[in-house]
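Below is one structure, written out as C-alpha cells, with a few remarks after it.
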C-alpha cells in the first residue's frame, strides 16, 4: 500500500518536474535576447574566449544558448553532445582552452539561475521547486559540454602525437630504388599500421625495388604486430618491391612461426649491414667487401 | 565498359578504369586471351593504377588471366596497385600468390623484357 | 545529416555502385584515403556475397556518432538461403581467396565491429562499423 503511494508520488514529482522545466524553458525563450546579452557581457568581463572577436563570440553564444535551452526542453542530450563536439572542433584550433569552455557554461548556468531568482523572488516555494527542477538539468548540461570539449581535445592531441611519430620514423632512401625502414622501440598495432602505410607510400614515391626492414631495435612483438609485419611484406610485393627483414631475434622468429607463417618464404638476414648487401645484390650492384678492395 | 588493350611491340597493355564491374573483368579476360592469340604476344601488362578497390573477385579473375595467358606461353604482370589498395588486399587475405607484380608501366615492361630474354 | 544510403543489390554492376557510394560517404565522414579504401573493399565483398548467394538484397550505410567518436555503419542484408554454419564461414582459411568463399573473416579484419545474423531459408544480415581514429 505505502509502496504504491510512493510510486505515485515519484510519478507525480517527475510530472511536476517536467511541467516546471517547461515553464522554465518558456521563460528562457521569452527573455532570450536579454539573457544572452547579459551572458555575453559576463564572458567578456571574465576575460574568457579572448581568442574570438565580439561578433564570433556573440554568434557562438547564441548557438550555445539555444542548444542549452533545447536540452532543457527535450530532456535529451544527444543533440547537445553532437553540438558540443562540433563546437569544440571549431574552437580548439582557435586556441580556446578547457577552463574557458567550462567557465562560460557555468556562467550561463548562473545567469539563468539569477534570472529565476529575479522572477520568482515573491514566491519562495515556487522558486525552490523550480530550482529543484533546474539544477540537475543544468549540471548535466555543463558536464556534457565540458566532457565533449575534453574528448575532442584528446582526439586532437592523439592526432598530433601520431604526426610526430610519423616524422620520427623516417623511411630512408639510401640508394636509388632501395629503402630502409629502421624500427626502434615498442610497436603497437596502431603504430605498425602507420608504418605500413608510410612504407607503401614511400615505395611508390621513391620507386623502390627493395626495402630493408630492420627490427634489431625491437625487443618483442606480439602476434598482432608480427602479423602486420608479414602483411607489410606481402603488400610491398604487390607494389613490386622485395622486402628483406633484418635483425630478427629468435623470439620474434618464434612468434612469426607461431602465427603460421613460413619463415623460409621470408627474406631474412641477420643484421642490417648484411641486409643492405643482400639488397644491393638484388638490385644488381656488385658488392665488394671493403677489406678486399683495400688490399688490391 | 570496355577496357582498352594496346599492342606495344610483342606485348599487350590493358589499362583498367576505376568503375570496373565483374562483367567487365570477365570480358577483359576473354579479350586478352583472344588478342594474345591473335598477335602471338609474349607478355601482357594489366595496369590497375585507376582501380580503387581490389576485392576477392578481381583477385581471382586476375589470377585466372595470368594462368590462361601462361598456357599460351606468355607472361603477365600486374602494375600500378595503389598503396591503399595493397593494404586493403593483404588485410582481406588476398596476396595474389603466383601473380607477378610491378610498380608501374616502366617496371612492368622491364619485367616482361627480362622474362622474354630469359626464354631465348 | 545522418541519413541512410540504401543501394539495392541485384547484379554485379550494383556492387560497383555500392562501393562507390560507400567510399563517398566515408570521405564525407572524414576517413583517410586508406580507411575509405578498406570500407569500399568491405562493401564490395559484402555486396558480392549477396549477388552470389542470395541473388538480391541491399546494402545500407550511414554515418554514426557515439559518445566518443564518429564512424560509419554498413548493413548488408538479403532474404536468401541463409548460412548453415556461421562458425564455419567465420573461420580463417575456410574460404581461401582462390575459392568461392564468403570472405567474411577478411571483412571482419577490415572493420572495427562485425556482427552476423543468419537463418536458413530466411536470410542473412551482416552489420559492420568502422570508427574514425
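Chains as they are written, first to last, in the working numbering: chain A, 5 to 300; chain B, 7 to 126; chain C, 1015 to 1147.
Every residue, glycine too, gets a C-beta built ideally from N, C-alpha and C.
Predicted model, so just to flag it, every value in this text is computed and none were measured.
Chain-ordered neighbours of residue i on chain B, where CB pairs are closer than 8 Å
{"i": "residue 1034(C)", "result": "25"}
{"i": "residue 180(A)", "result": "The contacting residues do not exist; residue 180(A) stays about 13 Å from chain B at best."}
{"i": "residue 1123(C)", "result": "97, 98 and 99"}
{"i": "residue 1120(C)", "result": "62, 97, 98, 99 and 100"}
{"i": "residue 1140(C)", "result": "Per Cβ cutoff of 8 Å: no residues; residue 1140(C) is ~15 Å from chain B at best."}
{"i": "residue 1029(C)", "result": "27 and 28"}
Per-residue contacts from residue i into chain C (C-beta, under 7 Å)
{"i": "residue 86(A)", "result": "1079"}
{"i": "residue 1(B)", "result": "Residue 1(B) lies beyond the range of chain B shown here (7 to 126); nothing can be said about it."}
7 Å Cβ cut-off: residues of chain A touching residue i
{"i": "residue 92(B)", "result": "204, 239, 242 and 243"}
{"i": "residue 87(B)", "result": "242 and 243"}
{"i": "residue 113(B)", "result": "244"}
Residue i: contacting residues in chain B (beta-carbon distance under 7 Å)
{"i": "residue 1026(C)", "result": "27, 28 and 29"}
{"i": "residue 1117(C)", "result": "62 and 98"}
{"i": "residue 26(A)", "result": "Under the 7 Å cutoff, chain B gives no residues; its nearest Cβ is about 52 Å from residue 26(A)."}
{"i": "residue 1021(C)", "result": "What residue 1021(C) touches in chain B: nothing, since even the nearest Cβ is about 14 Å away."}
Rounded Cβ spacing between residue i and residue j (contact assumed at less than 8 Å)
{"i": "residue 1076(C)", "j": "residue 1018(C)", "result": "5 Å"}
{"i": "residue 10(B)", "j": "residue 204(A)", "result": "About 27 Å separates the two Cβ atoms, so there is no contact after all."}
{"i": "residue 1037(C)", "j": "residue 58(B)", "result": "7 Å"}
{"i": "residue 109(A)", "j": "residue 149(A)", "result": "5 Å"}
{"i": "residue 1026(C)", "j": "residue 1078(C)", "result": "Wrong, their Cβ atoms sit about 28 Å apart, outside the cutoff."}
{"i": "residue 218(A)", "j": "residue 186(A)", "result": "5 Å"}
{"i": "residue 49(B)", "j": "residue 123(B)", "result": "With 8 Å as the limit, residue 49(B) and residue 123(B) do not qualify as a contact, their Cβ atoms being about 11 Å apart."}
{"i": "residue 84(B)", "j": "residue 243(A)", "result": "That pair is no contact at about 10 Å."}
{"i": "residue 1136(C)", "j": "residue 1093(C)", "result": "7 Å"}
{"i": "residue 1030(C)", "j": "residue 25(B)", "result": "5 Å"}
{"i": "residue 1088(C)", "j": "residue 1056(C)", "result": "7 Å"}
{"i": "residue 29(A)", "j": "residue 73(A)", "result": "6 Å"}
Under 9 Å by beta carbon: chain A residues contacting residue i
{"i": "residue 109(B)", "result": "207, 208, 211, 212, 213, 243, 244 and 245"}
Amino acids of chain A, ordered along the chain, whose beta-carbon sits closer than 8 Å to that of residue i
{"i": "residue 75(B)", "result": "Going along chain A, no residue has its Cβ under 8 Å from residue 75(B), so there is no contact; the nearest lies around 19 Å."}
Contact list for residue i against chain B, beta-carbon separation under 9 Å
{"i": "residue 22(A)", "result": "Here the premise fails: no neighbours, minimum Cβ distance about 50 Å."}
{"i": "residue 1153(C)", "result": "One cannot answer for residue 1153(C) here, as it falls past the ends of chain C, which runs 1015 to 1147."}
{"i": "residue 177(A)", "result": "Those do not exist, as residue 177(A) stays about 15 Å from chain B at its closest Cβ, beyond 9 Å."}
{"i": "residue 1037(C)", "result": "58 and 59"}
Where residue i meets chain C, residues with beta-carbon distance less than 8 Å
{"i": "residue 201(A)", "result": "1048"}
Chain-ordered neighbours of residue i on chain F, where CB pairs are closer than 9 Å
{"i": "residue 1097(C)", "result": "No chain F appears in the structure shown, which is made up of the protein chains A, B and C."}
Within 7 Å of chain B by C-beta, residues of the region 1058–1088 of chain C in sequence order:
1058, 1059 and 1062
Where in the region 147–190 of chain A do unbroken runs of the beta strand (DSSP E), each at least 3 residues long, occur, reported from the N-terminal end onward?
176–179 and 182–188
Residues of the region 1042–1053 of chain C with a CB closer than 7 Å to any CB of chain B: list them in chain order, please.
1047, 1048, 1051 and 1052
Taking contact to mean at least 3 C-beta pairs separated by less than 8 Å, is the region 128–141 of chain A in contact with the region 53–64 of chain A?
no
Could you list the residues in the region 11–42 of chain B with a C-beta less than 8 Å from some C-beta on chain C, going in chain order?
25, 26, 27, 28 and 29
Report the start-end ranges of each alpha helix (DSSP H) in the region 21–100 of chain B that is 4 residues or longer and not cut off at the edges.
28–45, 62–77 and 89–98
Taking 8 Å as the threshold, find out whether the region 104–124 of chain B comes into contact with the region 1042–1057 of chain C through three or more Cβ pairs.
no
Examine the Cβ distances between the region 29–49 of chain B and the region 67–75 of chain B and report whether three or more of them are shorter than 8 Å.
yes
With contact counted as at least three CB pairs below 8 Å, one residue from each stretch, are the region 210–224 of chain A and the region 73–84 of chain B in contact?
no
Is it a yes or a no for the region 245–252 of chain A touching the region 142–158 of chain A, going by three-plus beta-carbon pairs under 8 Å?
no
Against chain C, which members of the region 99–127 of chain A pass a CB distance test of less than 8 Å?
none
Short-range partners of chain C found in the region 144–155 of chain A, where Cβ spacing is below 8 Å:
155
Counting Cβ pairs, one atom from each stretch, are 3 or more of them under 8 Å apart for the region 63–77 of chain A and the region 28–38 of chain A?
yes
Taking only beta carbons into account, state which residues of the region 32–43 of chain A come closer than 7 Å to chain B, listed in chain order.
none
Below 8 Å, how does it come out for the region 90–109 of chain A and the region 161–169 of chain A: are there three or more Cβ pairs, yes or no?
no
Check whether the region 273–291 of chain A and the region 11–25 of chain B are in contact - that is, three or more C-beta pairs closer than 8 Å.
no
Whole alpha helix (DSSP H) runs in the region 1031–1088 of chain C with 4 or more residues, listed along the chain?
1047–1063
Give a yes or no on contact between the region 259–266 of chain A and the region 188–206 of chain A, applying the rule of three or more CB pairs nearer than 8 Å.
no
Unbroken stretches of the alpha helix (DSSP H), 4 residues or longer, contained in the region 18–83 of chain A
36–49 and 58–78
Suppose only complete runs of 4+ residues qualify. What are the alpha helix (DSSP H) ranges in the region 181–239 of chain A, listed by chain order?
193–210
Could you name the residues of the region 222–237 of chain A whose beta carbon sits closer than 7 Å to any beta carbon of chain B, in the order they occur along the chain?
235
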